[in-house]
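Undergrad:
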Amino acid sequence: MTSTMKAQSEYISVGANRHTAVADWSEDGLLAFGADVNVALWKPTDSTSCGIQILLSGHKDVIKVVKFIPKTRLDDTCSYLITGADDKTLRVWRINTQISTSECVQVEESHTAAINCISVTKTSTELSEQEIIIATGGADATIRIWKFDNASQSDSPLKPVQMIKTTPKFFPLCLSVSELGAARNGSYVLAAAGTRNTIHIYIGDTADSDLAFTSAATLSGHEGWIRSLDISPEPRSSSTSASSPPDLLLASASQDKYIRLWRIHAGHALPPLSTGAESAFAGGARSPANKAHRINSSGAGEYSVTFEALLLGHEDWIYSARWHTNKSVSSNKLQLLSTSADNSLAIWEPDVDSGIWLSAARLGEISREKGATTATGSTGGFWTGLWSPDGTAVVTLGRTGGWRMWRRSPSTGAGPQDWKQFVAIGGHIKPVTGVTWEKNGRYLLSTSHDQTTRLHARWKGSEGQEKDRGYHELARPQIHGYDLNCISTLSPTSFVSGADEKLMRVFKMPKGVADLLSRVSGISATTTTPRGSTIEEHPEDLPNAANMPVLGLSNKATDTDGTTSAPKDQPPNNTEATEPSPSALSPSYPPHEDILSRHSLFPETEKLYGHGYEISCLSANSSGTLIASACKATSLEHAVIRLFETEKWTEVTPPLKMHGLTCTRVRFSSGGREDRILSVGRDRAWGVFEKQSKNKKAVCGEVEGKAAGEAPEGAEKEAEEEKHRYELKYSNLKAHSRMINDCAWAPSGNSFVTAGRDRTVKFWKLPPAASLSSSSSSGPHLDSTSTAATITGKTIVTESSPVTAVDFLPFTVGCGPWLKKLVVLAVGTEVGRVSVHIGSEDGDGVFASGKECGIDIDYRFNLPKAVHQLAWRPSYSGAPELAVAGEDGSLRIISFPGLLDVDAPASLDKTEVVEKKEEVKEGGDQVQEPA
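Under numbering that gives the first Met the number 0, read the sequence shown as residues 0 to 930, first letter to last.
#1: Quick one: which unbroken beta strand (DSSP E) runs of 3-plus residues sit fully inside the segment 832 to 870? Chain order, please.
#2: Sorted by chain position, which residues of the same chain lie with C-beta nearer than 6 Å to residue 455's C-beta, five sequence neighbours on each side aside?
#3: To the nearest angstrom, how far is it from the Cα of residue 16 to the Cα of residue 347?
#4: Flag this pair as touching only if the segment 480 to 494 and the segment 512 to 526 have three or more C-beta atom pairs under 8 Å; answer yes or no.
#5: Checking the sheet assignment: what are the DSSP bridge partners for residue 506?
#6: Compute the beta-carbon to beta-carbon distance between residue 173 and residue 193, rounded to the nearest angstrom, for a pair I have assumed lies under 8 Å.
#7: Quick check for students: name the residue ranges of the beta strand (DSSP E) that lie wholly in the segment 40 to 66, counting only runs of 3 or more.
#8: How many Å lie between residue 282 and residue 65 at the Cα?
#9: Using the three-state DSSP reduction, which class does residue 18 fall into: helix, strand or coil?
#10: Tell me which same chain residues have a C-beta within less than 8 Å of the C-beta of residue 364, skipping the five on either side of it?
#11: Contact defined as beta carbons within less than 8 Å: I believe residue 383 pairs with residue 319. What is the distance between those atoms, to the nearest angstrom?
#12: Secondary structure at residue 691, three-state DSSP: helix, strand or coil?
#13: Using the rule of at least 16 other Cβ atoms within 10 Å of the residue's Cβ for burial, across every protein chain shown, is residue 875 buried or exposed?
#14: Smallest Cα separation from residue 797: which of 815, 807, 835 and 26?
#15: Should residue 653 be labelled buried (16 or more other beta-carbon atoms within 10 Å of its own) or exposed?
#16: Using the Cα positions of residue 606 and residue 504, report the straight-line distance between them to the nearest angstrom.
#17: Return the CA-CA distance between residue 479 and residue 488, expressed in angstroms with no decimal places.
#18: Leaving out five residues before and five after residue 517 in sequence, what residues of the same chain have Cβ atoms less than 7 Å from its Cβ?
#19: Give the list of continuous beta strand (DSSP E) stretches no shorter than 3 residues that lie fully inside the segment 623 to 697.
#20: Going by C-alpha to C-alpha distance, which of 195, 293, 865 and 802 sits closest to residue 165?
#21: Take residue 887 and list the residues in its own chain whose beta-carbon comes closer than 7 Å to its own, dropping the five residues that flank it on each side.
#22: With 16 other CB atoms within 10 Å as the buried threshold, where does residue 648 fall?
#23: Report the CB separation of residue 144 from residue 190 in whole angstroms; it is logged as a contact under 8 Å.
#24: Among 635, 218, 332 and 223, which residue has its Cα nearest to the Cα of residue 235?
#25: Spatial neighbours of residue 620 within its chain, please: C-beta separation below 7 Å, excluding the five flanking residues on both sides.
#26: Would you mind stating whether residue 826 and residue 901 have Cβ atoms separated by less than 7 Å?
#27: Could you check whether residue 738 and residue 756 sit closer than 7 Å to each other, using their CB atoms as the reference points?
#28: Mind checking whether residue 590 and residue 554 have CB atoms under 7 Å apart?
#29: Drop a sphere of 10 angstroms on the beta-carbon of residue 162, count the other beta-carbons inside from all chains shown, and report buried for 16 or more, exposed for fewer.
#30: Could you tell me the alpha carbon to alpha carbon distance between residue 546 and residue 476, rounded to whole angstroms?
#31: Residue 738 bridges to which residues according to DSSP?
#32: With 16 other CB atoms within 10 Å as the buried threshold, where does residue 351 fall?
#33: If you run the structure through DSSP and keep just helix, strand and coil, what is residue 467?
#34: Looking at the structure shown, is residue 259 part of a helix, part of a strand, or coil, going by DSSP?
#35: Kindly indicate the opening and closing residues of the alpha helix (DSSP H) around residue 594.
#36: How many whole angstroms separate the CB atoms of residue 78 and residue 25, which I take to be in contact at a CB cut-off of 8 Å?
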């Protein structure tokens, strides 16, 4: 037995949830964000980082809020993270120095509805005496106060303090809590807002050693729901007394398109009216009542809250506003970062001379596309914005779930010319339903219910740099108007996809993307397939670019001058929302999110019709000459498998009949052979169709033997269809006790497995070719009394939950006596478990778990939701890699170093290999060849 081989995470791709408080950036440089039910950890400014490092699972519903808890000791070796979700729970996570060992240490279920917001503050005294106060708000119209104590490294550091019912009732969408007055006086101020246009101020005092918050003031002025609040102490100026407590500035961002600043000032005397407040209404905004709100604290004394300034500039809802003190300048200038649905983010700071708050930098797209949607490639606004700990970088989250990052040098200013956009990360924001590798394994395509298709490949750095930066999204070939269900590659530059519509669409890679893949990943458009045949595809034959018309679903090819190709009898279509630009893909690094959404589309070249309902599955053979597909169905009429040849893009008739309900998966045989098609369905049945070529020569000879004028009508078409004609050869109408979800061919193409909702994976071996009957299929009905050779189905894997995905490594492995004789099977379940099994195709199949063979798959590789599809990378070089598509919106690539030289399991060593000519053992699931 070899030593333990640990599986490794090569790539995690997932989009962030679209909520204002869904992310936070820690003082250690670690950014955490909610991704469906996961917490993703990423280091944006770490040049050695290859994207998301790990996904933390535990929540049962969508995560809405993520907040790091400040460290209280300099020698802390770990940090803490608190998250809230729609599952009504708060979770506290301990993030260790070795991020892979991070864990959830506490779960709180005090809230009775979804948790929307969290705010954290710590006292400004010496680290050894610091106290951390946490406020959480939920859709149960309550605000809950907590104290956090991690001094003893206990498993329950979060302690409840108080519950506040909002009056008048509203749902808190944002909170901000801060220390009030001199250090360690036990007084705090809490601002809360949400589904009303007012801000509620609460004062917290320590009475009899118990902290209690009471309502102190209500601030009016906004005209819409308030989405973000943030309180920050104002940096001291040279004229400010060191003994007096600093003023606090409260920023509130609203759906009314404005940001309002409020000053919390110590003492009975009011602060002087700011220049910003005097000049705030030049833009025509309604003037709020500049009323002074008096608040009193037993520990901090008297305070006033007054309106300070109105920030104008955004043209749509403002989702977030966050403070940062720029300590790189002598004056410790306070800056505010705001993000809006108008596709822009702004950095605000007061003018040195006048004190008026101005926009120092404006990033993103400013009012570029009014009313644009995902279907036209719009990023759809920014949902949140974050400062890096040192203020030299900002990140923002777009509608597509992808991040964008800008950075500046600490020595430069904060003007728009000083900020440069850098590579960030992104991913699907809804379940990933299909994955397929390019025929040579050089890139991966994924489809999702978020209506996008994404291309992922390795980023090998700039030219001349051999450093592998890991996988990255390099193109977004398809942005659709329907949920996408399945995908398959046809060639190195084309693929076909199916969605919740009655047709399939074929796409061709444009020159811009082909050039990008060549520069970034070293991928050429012309390649040699594993079978040894060259696919003749040259860059000059590729379309220039693609564009999507307004209200359209088809990506149209564009000419070099940017005009859209159109039929000869139609004028060019110049009404596109945005013109694609191949030059936007010219850099030698992965495209930014805005470029992916607009300039990396693939032109659509063909539509394939024939199905009556939504496409459920499809597959292309290894040479890309034939496509098999099926649709959702409840009858024999629609539960057929339709074949389409890719030379003239016509359907091969008649369709293949076998199933009575939806066909869930269809696959061509592997091992370099394309003469078999395997299908499984919701009707618990599987069928094997074989290519029929016995009539091909006769038909072709008849056509060739006649003069051109004497050829029977349709004879050539019939001869062409005979090249791709398949007929049902084997079937089993009751292969599993419940519906079959997936199937996979073994490398030889002579055996396969089926995975069912009955929690089992069954192995089936077809008889040798010499014993196959020459009788034709009798259709979808099977004569159970047939005396033809039987096929025994053997259960090789039994799981504790329904099996949803299976796939065989496309080549054999093994060492010693089993050199290149072992097959590797990956299995995924409905609860997200991923496992690997090693076995042999000989006899009736003997398989053992990967653990028995020394393969260690950490539990953290399991998904929190169902595994939708598995796909091994068809490459003979390097460690085998497995792509995992999940219901949780994640796409993962797991590598298995040492798998190629794995030892045979002990159970296989003790089993005598059954000769192929031996009779199949009795028992199990009996299958007959159709009579």
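Beta carbons: idealized from backbone N, C-alpha and C, even for Gly. Computed from a prediction, not measured in an experiment: that's the story for all the values here.
TA: On the basis of the data shown:
#1: 833 to 839 and 845 to 848
#2: 443, 470 and 472
#3: If I take the Cα positions, the gap works out to 26 Å.
#4: yes
#5: Residue 506 is bridged to 494 and 603.
#6: 7 Å
#7: 53 to 56
#8: With a pLDDT of only 47 at residue 282, under 50, the local geometry of the prediction cannot be trusted, and no value is derived from it.
#9: coil
#10: 342, 343, 378 and 593
#11: 5 Å
#12: coil
#13: So residue 875 ends up on the exposed side.
#14: 835
#15: exposed
#16: Rounded to the nearest angstrom, the two C-alpha atoms are 5 Å apart.
#17: For residue 479 and residue 488, the distance between alpha carbons rounds to 18 Å.
#18: Within the same chain, Cβ atoms closer than 7 Å to the Cβ of residue 517 are found at 523, the five residues on either side in sequence being excluded.
#19: 625 to 630, 640 to 644, 649 to 655, 662 to 667, 675 to 680 and 685 to 690
#20: 195
#21: 35, 36, 37, 862, 863 and 864
#22: Classification of residue 648: exposed, given that the 10 Å Cβ count is below 16.
#23: Between residue 190 and residue 144 the Cβ distance is about 14 Å, and since that is not below 8 Å, they are no contact.
#24: Just measuring C-alpha positions, the residue of 635, 218, 332 and 223 sitting nearest residue 235 is 332.
#25: 667 and 673
#26: no
#27: yes
#28: no
#29: exposed
#30: 11 Å
#31: According to DSSP, residue 738 bridges with nothing at all.
#32: exposed
#33: coil
#34: strand
#35: Start and end: 592 to 598.
#36: 6 Å
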